[in-house]
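Chemist:
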């Protein structure tokens, strides 16, 4: 048995404040811009609802499956899918096939970027004032474990 | 070295449909910081004396501040222009996500000159600036325009400042809707936008906002967030926004009832937090980067006005479109507020104007059109007036859309007894008979009758100031307290702070965040001097426009009519009270007997030899 960590979203608690995105963009790029963060908030119905979307750290990860450079693999500790920037060739195939557009090439870095759970202590979860984001894990039976690109 | 400024202003010339950028001057950053500071200085430099606020010679400017768009909690932006309603300097602050987007697109401010030959909207996508024909979007309400423009530019994440029909028709208290439920509300910035044939500004940006010292900045922001988390006042805003101020204001005898005839309303609780929680609220929403989440989003689901989405009905709207009009169904008050938001009218001025019209109608001074009842308690009458003012449908709507000052001048001298404005700006919902310090705040606010430049109610009710209890009903000492508040608030409005987070965040934290963001080391006293400089700069604008001691006054009802009931029964702010407080205020400010800043004051603040901003598009 293994544990895959991921960020669970509670849209009912999300206020759309974007503090998560500010923390994320600062950590990733050394500057603030929510459009450049690795998680998205969709504001609906004149701000009556806010839907945070984060990387699912999929068990069957299309981003890793389609990567021609085999640049996306699992972190041994958290089982988060992380991009090896040395291997990434910036083709953006991962974005094309991610169903929730949570991965893709950053215009400045020219490399694919995605949520790596900050190594296990996500900055977005720490920044969220309401508990709309929380760190969770799912238990993955050994037999179902498949290596990406396997 | 990185700092949290973006380094340039965008200058737009609507007349010739061109734009260009200019560097943000270093002297301007050093002396005026951002937000209100930039606005105060640039309005003075860009708009010569006597310019008609609705002419192409007026400018419309949008300024974030050096902390806007960063992780500093609860930062906002402002619209600055010459007010068509008052003729004074005008700034109007808005939260939400529009302000940060200006910086993400790469700008410390957007300055709009001239007038487009035909209706247009502006689409700013980083460096790409397009002036596009508004076409059939002209004529739509603010929310419809928002949706149509996002569709046309195919950018659901763009942020919009838009006007409704009221702005297009230049109703003098038209607002700018800074989506959603956030408005540059007071003083008629929306009419200025309409006069320029500018329906909206859409903006989206991909730039990073960087700070000078990320580690120190992160620490300072965390400290500020912690202060907010520990603040009882901020917790009140989290729980119910400003709606709980309705029963409180009623209890302390400051809530306007029936066009301020009295300051207590027996049914106030129905439209306060209790009533709104029951009938409106569903969940909380936050402005960008704000942990307080004062927005209580909800919907009207029952009754004759269902169904529509509504934000909290803020204290000012609840009081002025509710108690002041003797309307006590929170769903009806939400309905009237939403109409104002959609058509693009300031709900505060609208409440003041409708209150005035109801009283004038009850006294037989104005005639209600056939089928319309203009009387306190009548929701349909209020709805009729909002529509007729926004759409300029009839003579009455056209007259009232000019505000109570102009309407009263046309309707005759006797109506001045109940025309509730200062310098033409309709009064906020804190009746000052019994709280003279608040009266002085209205008298001296730079944009006319405004409660946000120095909120004196607590001190007027006996709170301690600098460890000493403040004596109720006294005029002595009020000016000194007010000046300290005005200076600090004007200084932090350069950041641009939120009035609510400011209740929790300490001056030390504001200073720590600004120092780490910009690399300019400042201490907690910095904002007092900065604010004093800004306050004198806006006063220089108003003095140049002819505003002097005679204009720093209160509406006649507050001065002549003692309160007939309530906690402050028998009180008023008399001529003698005003005279004493005004003299005291000018004296401490270093202004002459007419309210003109003395040379020595300007010298002390560095305003006598400040450079002049000469850039034009």
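Residue numbers (my numbering), protein chains in the order written: chain L, 1 to 150; chain E, 1001 to 1617. C-beta atoms are modelled at their ideal positions from N, C-alpha and C, and glycine is treated no differently. Small disclaimer: the values here were computed from a predicted structure and weren't measured.
Return helix, strand or coil for residue 1617 (chain E), following the three-state DSSP convention.
Modeler: Translated into positions along the second chain, residue 1617 (chain E) becomes position 617. Coil, per DSSP.
Chemist: Starting from the C-beta of residue 79 (chain L), find all residues in its chain whose C-beta is less than 6 Å away, skip the five residues before and the five after it, and write them out in chain order.
Modeler: Within the first chain, the letter at position 79 stands for residue 79 (chain L). Excluding positions up to five away in sequence, the list reads 4.
Chemist: Taking only runs that begin and end inside the segment 1447 to 1504 of chain E, name each unbroken alpha helix (DSSP H) of 4 or more residues, in chain order.
Modeler: List check, alpha helix (DSSP H) in window: 1457 to 1460 and 1478 to 1492.
Chemist: Counting only beta-carbon atoms, is residue 1100 (chain E) nearer than 9 Å to chain L?
Modeler: The residue you call residue 1100 (chain E) lines up with position 100 of the second chain. For residue 1100 (chain E), the answer is yes, since a Cβ of chain L falls inside 9 Å of its Cβ.
Chemist: By the 10 Å Cβ neighbour count, where 16 or more other Cβ atoms means buried, how is residue 1 (chain L) classified, buried or exposed?
Modeler: Counted from its first residue, the first chain places residue 1 (chain L) at position 1. Residue 1 (chain L) should be labelled exposed.
Chemist: Under the three-state reduction of DSSP, which class applies to residue 1253 (chain E): helix, strand or coil?
Modeler: Taking the second chain and counting its residues from 1, the one referred to as residue 1253 (chain E) is at position 253. Coil, per DSSP.
Chemist: Buried or exposed: where does residue 150 (chain L) fall if 16 or more other Cβ atoms within 10 Å of its Cβ makes it buried?
Modeler: In the first chain, residue 150 (chain L) corresponds to position 150, counting from 1. Reliability fails at residue 150 (chain L), whose pLDDT of 43 lies under 50, so the model's placement of it is uncertain and the value that follows must be treated cautiously. So residue 150 (chain L) counts as exposed.
Chemist: Taking Cβ to Cβ, would you say residue 1323 (chain E) is nearer than 9 Å to residue 1565 (chain E)?
Modeler: As a first step, residue 1323 (chain E) must be located in the second chain, where it is residue number 323. As a first step, residue 1565 (chain E) must be located in the second chain, where it is residue number 565. Not in contact: residue 1323 (chain E) and residue 1565 (chain E) (Cβ atoms no closer than 9 Å).
Chemist: Quick check on the DSSP output: the alpha helix (DSSP H) that includes residue 1236 (chain E) runs from which residue to which?
Modeler: As a first step, residue 1236 (chain E) must be located in the second chain, where it is residue number 236. 1232 to 1240 is the extent of the alpha helix (DSSP H) around residue 1236 (chain E).
Chemist: Below 8 Å on the Cβ atoms is my contact criterion, and I expect residue 16 (chain L) with residue 35 (chain L) to pass it. Report the Cβ-Cβ distance as a whole number of Å.
Modeler: Mapped onto the first chain, residue 16 (chain L) falls at position 16. Mapped onto the first chain, residue 35 (chain L) falls at position 35. Actually they are not in contact, since the Cβ atoms of residue 16 (chain L) and residue 35 (chain L) sit about 14 Å apart, beyond 8 Å.
Chemist: Using the C-alpha atoms, what's the distance from residue 33 (chain L) back to residue 1208 (chain E)?
Modeler: In the second chain, residue 1208 (chain E) corresponds to position 208, counting from 1. In the first chain, residue 33 (chain L) corresponds to position 33, counting from 1. When rounded, the distance between both Cα atoms is 5 Å.
Chemist: Since residue 1528 (chain E) and residue 1488 (chain E) are thought to touch, with beta carbons under 8 Å apart, how far apart are those beta carbons, to the nearest angstrom?
Modeler: As a working mapping, residue 1528 (chain E) is identified with position 528 in the second chain. As a working mapping, residue 1488 (chain E) is identified with position 488 in the second chain. Right, their Cβ atoms sit about 6 Å apart.
Chemist: Can you list, in chain order, the residues of its chain with a C-beta nearer than 6 Å to that of residue 1512 (chain E)? Leave out the 5 residues immediately preceding and following it.
Modeler: Here residue 1512 (chain E) refers to the residue found at position 512 of the second chain. The residues are 1220.
Chemist: Provide the residue(s) that pair with residue 32 (chain L) in DSSP beta bridges, ordered along the chain.
Modeler: To locate residue 32 (chain L), count along the first chain from 1; it is residue 32. Partner(s): E:1209.
Chemist: Could you confirm whether any beta carbon from chain C is found closer than 9 Å to the beta carbon of residue 30 (chain L)?
Modeler: The structure shown contains no chain C; its protein chains are L and E.
Chemist: State the beta-bridge partners of residue 1327 (chain E) as determined by DSSP.
Modeler: Position 327 of the second chain, counted from the first residue, corresponds to residue 1327 (chain E). The partner list for residue 1327 (chain E) (beta bridge, DSSP) is empty, contrary to what the question assumes.
Chemist: With a threshold of 9 Å between beta-carbons, can residue 112 (chain L) be considered close to chain E, or not?
Modeler: The residue labelled residue 112 (chain L) in the question sits at position 112 within the first chain. False, the Cβ-Cβ gap to chain E never drops below 9 Å.
Chemist: Measuring CB to CB, does residue 1061 (chain E) end up less than 9 Å from residue 1100 (chain E)?
Modeler: Here residue 1061 (chain E) refers to the residue found at position 61 of the second chain. Here residue 1100 (chain E) refers to the residue found at position 100 of the second chain. Going by C-beta atoms, residue 1061 (chain E) is not nearer than 9 Å to residue 1100 (chain E).
Chemist: Spatial neighbours of residue 1155 (chain E) within its chain, please: CB distance less than 8 Å, with the 5 preceding and 5 following residues excluded, ordered by chain position.
Modeler: As a working mapping, residue 1155 (chain E) is identified with position 155 in the second chain. Excluding sequence neighbours, residue 1155 (chain E) sits near 1125, 1202 and 1204.
Chemist: Is the distance from the Cβ of residue 1271 (chain E) to the Cβ of residue 1295 (chain E) below 9 Å?
Modeler: Position 271 of the second chain holds residue 1271 (chain E). Position 295 of the second chain holds residue 1295 (chain E). Their beta carbons are not under 9 Å apart, which means residue 1271 (chain E) does not touch residue 1295 (chain E) by this criterion.
Chemist: Residues of chain L with a CB under 7 Å from the CB of residue 1290 (chain E): which are they?
Modeler: Your numbering for residue 1290 (chain E) matches position 290 in the second chain. Result: 17.
Chemist: Answer yes or no: does any C-beta atom of chain L fall closer than 9 Å to that of residue 1181 (chain E)?
Modeler: For the purposes of this step, residue 1181 (chain E) is taken as residue 181 along the second chain, with counting starting at 1. Yes - at least one Cβ of chain L is within 9 Å of the one on residue 1181 (chain E).
Chemist: Could you check how far apart the C-beta atoms of residue 47 (chain L) and residue 1461 (chain E) are, in whole angstroms? I think they sit under 8 Å.
Modeler: Reading the first chain from its first residue, position 47 is the one you call residue 47 (chain L). Reading the second chain from its first residue, position 461 is the one you call residue 1461 (chain E). The Cβ separation is near 34 Å, so there is no contact.
Chemist: Looking at the secondary structure, which residues open and close the alpha helix (DSSP H) in which residue 1165 (chain E) lies?
Modeler: If you number the second chain from 1, residue 1165 (chain E) lands on position 165. Where residue 1165 (chain E) is concerned, the enclosing alpha helix (DSSP H) stretches over 1165 to 1168.
Chemist: Hey, would you say residue 94 (chain L) sits closer than 9 Å to residue 128 (chain L), going by beta carbons?
Modeler: For the purposes of this step, residue 94 (chain L) is taken as the residue at position 94 of the first chain. For the purposes of this step, residue 128 (chain L) is taken as the residue at position 128 of the first chain. Cβ distance not < 9 Å, so residue 94 (chain L) and residue 128 (chain L) don't count as in contact.
Chemist: What residue from E:1037, E:1591, E:1286 and E:1269 has the CA that sits closest to residue 1328 (chain E)'s CA?
Modeler: The count along the second chain starts at 1 and reaches residue 1328 (chain E) at position 328. Per the Cα distances, E:1269.
Chemist: Can you find a C-beta in chain E that's less than 9 Å from the C-beta of residue 62 (chain L)?
Modeler: Looking up residue 62 (chain L) in the first chain gives position 62. No - not a single Cβ of chain E is within 9 Å of the one on residue 62 (chain L).
Chemist: For residue 1572 (chain E), which three-state DSSP category applies?
Modeler: Looking up residue 1572 (chain E) in the second chain gives position 572. Correct three-state label for residue 1572 (chain E): coil.
Chemist: Give me the DSSP bridge partner(s) of residue 6 (chain L).
Modeler: As a working mapping, residue 6 (chain L) is identified with position 6 in the first chain. According to DSSP, which records beta bridges pairwise, residue 6 (chain L) is partnered with L:136.
Chemist: Please tell me whether residue 1297 (chain E) has its Cβ less than 9 Å away from any Cβ of chain L.
Modeler: Along the second chain, one-based indexing puts residue 1297 (chain E) at 297. It does: the Cβ of residue 1297 (chain E) has a partner Cβ on chain L nearer than 9 Å.
Chemist: Candidates L:29, L:54 and L:10: which alpha carbon is nearest residue 109 (chain L)'s?
Modeler: The residue given as residue 109 (chain L) occupies position 109 in the first chain. The option with the nearest alpha carbon to residue 109 (chain L) is L:29.
Chemist: Can you give the Cα-Cα distance for residue 1598 (chain E) and residue 45 (chain L), rounded to whole angstroms?
Modeler: On the second chain, position 598 is the one that residue 1598 (chain E) refers to. On the first chain, position 45 is the one that residue 45 (chain L) refers to. Distance between the alpha carbons of residue 1598 (chain E) and residue 45 (chain L): 52 Å.
Chemist: If residue 1403 (chain E) sits next to residue 1547 (chain E), beta carbons under 8 Å apart, how far is it from one beta carbon to the other, in whole angstroms?
Modeler: Residue mapping note: residue 1403 (chain E) aligns to position 403 of the second chain, counting from 1. Residue mapping note: residue 1547 (chain E) aligns to position 547 of the second chain, counting from 1. That belief does not hold up - the Cβ atoms of residue 1403 (chain E) and residue 1547 (chain E) are roughly 16 Å apart, past 8 Å.
Chemist: For a quick check, are the C-beta atoms of residue 1310 (chain E) and residue 1334 (chain E) less than 9 Å apart?
Modeler: Locating residue 1310 (chain E) in the second chain gives position 310, counting from the first residue. Locating residue 1334 (chain E) in the second chain gives position 334, counting from the first residue. Yes. Within cutoff.
Chemist: Residues of chain E with CB closer than 7 Å to the CB of residue 57 (chain L), please, in chain order.
Modeler: For the purposes of this step, residue 57 (chain L) is taken as residue 57 along the first chain, with counting starting at 1. Ordered by position in chain E, no residue passes the 7 Å Cβ test against residue 57 (chain L), which lies about 25 Å from the chain.
Chemist: Are residue 1293 (chain E) and residue 1238 (chain E) closer than 9 Å when you measure CB to CB?
Modeler: Residue mapping note: residue 1293 (chain E) aligns to position 293 of the second chain, counting from 1. Residue mapping note: residue 1238 (chain E) aligns to position 238 of the second chain, counting from 1. Yes, the pair counts as a contact, with Cβ atoms nearer than the cut-off.
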